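Engineer:
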Amino acid sequence: MTRKTTLTVVFASLILFWNCREWVEADKAHMADHAWELYALKDYENSSIWFIESAFDDSVYKDAYNGLGWTYGKLGNIQSSISNFEFGLSLILTDTVDVDINLVGSGHNVGQQIYAGLTMAYHARGDSVNYANAVSSGNTFLAMTGDSAYATSQVASPWLFSRDTNLSSRHIIWTLSSSYFALSQFDESLSKVHQLMSNPAIFSPDVSTVVGRRELAEQLETLRGTL
32 MTRKTTLTVV
42 FASLILFWNC
52 REWVEADKAH
62 MADHAWELYA
72 LKDYENSSIW
82 FIESAFDDSV
92 YKDAYNGLGW
102 TYGKLGNIQS
112 SISNFEFGLS
122 LILTDTVDVD
132 INLVGSGHNV
142 GQQIYAGLTM
152 AYHARGDSVN
162 YANAVSSGNT
172 FLAMTGDSAY
182 ATSQVASPWL
192 FSRDTNLSSR
202 HIIWTLSSSY
212 FALSQFDESL
222 SKVHQLMSNP
232 AIFSPDVSTV
242 VGRRELAEQL
252 ETLRGTL
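Residues in the sequence shown are numbered consecutively from 32, following this note's numbering.
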């Protein structure tokens, strides 16, 4: 760890924030909020430091692990991303009434964000076990957000990641389709592809054949560029 990073970690918890015309000592929420600000600026290294400080301040603060999961994913450290998402999820599953699960009143649903992040992290890991995990977490996410039956033609907007609104349920549906394809579950993969198409009726490959599977793979790649 560099001297600059070390000093940042040592003094991060001592930083004071200006709030309501008075200085207050940074707590878990202040640190996590600042980390998300850095995340939005694509400063993922320093974002991770502040999320770590938030977790040091409160070892069961779920949004700290949520943020670490997303930040490590951006840094390409997929296993650390998965580990933090899984730990945050374990806290949620054992403490379902704690207000910091959904950061009540803030518009940030930590539980939904963890499932979305896990889906993509498992997929990025790229083996049969993790593709299956991606399918499980992705379907749970879609059920939570009400987007299981999402269709491109619908009027209602899909779920958007509140920390980066360029990411939506469409990305999770694509990830599910890709994971199903990797698991040789081609009918399920095609079903998800249809959800992402404005006119799914025009695409009906016979996925029981090699040619049909190639067409499905090509359509997946095409859709990837439209997300």
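Ideal Cβ positions, reconstructed from N, Cα and C, are used throughout, including at glycine. Given the structure is predicted, the values throughout are model-derived calculations rather than measurements.
Which residue marks the beginning of the alpha helix (DSSP H) containing residue 94, and which one marks its end?
Structural biologist: Position 63 of the sequence shown, counted from the first residue, corresponds to residue 94. Looking at the DSSP string, the run of the alpha helix (DSSP H) that includes residue 94 is 93–105.
Engineer: Closer than 6 Å by C-beta to residue 38: which residues in its own chain qualify, once you throw out the five before and the five after it? Chain order, please.
Structural biologist: Sequence index remark: in the sequence shown, residue 38 carries index 7 (1-based). Note that residue 38 has pLDDT 41, beneath the 50 cutoff, so the model's placement of it is unreliable and the number below is only indicative. Cβ within range, chain order: n/a, list empty.
Engineer: Could you say which of 238, 58 and 231 lies nearest to residue 308 if we only look at CA atoms?
Structural biologist: Past the boundaries of the shown model lies residue 308; the chain is included only from 32 to 258, so the question cannot be answered.
Engineer: Going by the CB atoms, is the gap between residue 142 and residue 123 shorter than 8 Å?
Structural biologist: In the sequence shown, counting from the first residue as 1, residue 123 sits at position 92. In the sequence shown, counting from the first residue as 1, residue 142 sits at position 111. The answer is yes: Cβ separation under 8 Å.
Engineer: Rounded to whole angstroms, how far is the Cβ of residue 100 from the Cβ of residue 115, which I believe are closer than 8 Å?
Structural biologist: As a first step, residue 100 must be located in the sequence shown, where it is residue number 69. As a first step, residue 115 must be located in the sequence shown, where it is residue number 84. Going by Cβ atoms, the distance from residue 100 to residue 115 rounds to 4 Å, so yes, they are a contact pair.
Engineer: Is it the case that the stretch 209–226 contacts the stretch 150–170, given that we only count it when at least three CB pairs across the two stretches are under 8 Å?
Structural biologist: Yes: the two stretches touch, three or more of their Cβ pairs being nearer than 8 Å.
Engineer: For residue 197, report the span of its alpha helix (DSSP H) as first-last.
Structural biologist: For the purposes of this step, residue 197 is taken as residue 166 along the sequence shown, with counting starting at 1. From DSSP, residue 197 is part of no alpha helix (DSSP H); its letter is neither H nor E.
Engineer: CB-CB under 7 Å to residue 67, same chain, minus the five flanking residues each way: which ones, in chain order?
Structural biologist: As a first step, residue 67 must be located in the sequence shown, where it is residue number 36. Taken in chain order, the residues that qualify are 98 and 194.
Engineer: CB-CB under 7 Å to residue 244, same chain, minus the five flanking residues each way: which ones, in chain order?
Structural biologist: The count along the sequence shown starts at 1 and reaches residue 244 at position 213. Closer than 7 Å at the Cβ level, and outside the excluded window around residue 244, lie 217 and 238.
Engineer: In angstroms, rounded to a whole number, what distance separates the CA positions of residue 190 and residue 240?
Structural biologist: Position 159 of the sequence shown, counting from 1, holds the residue named residue 190. Position 209 of the sequence shown, counting from 1, holds the residue named residue 240. For residue 190 and residue 240, the distance between alpha carbons rounds to 34 Å.
Engineer: Compare the C-beta of residue 99 against all C-beta atoms of chain B and say whether one is closer than 8 Å.
Structural biologist: The displayed structure is made up of one protein chain only, and chain B is not part of it.
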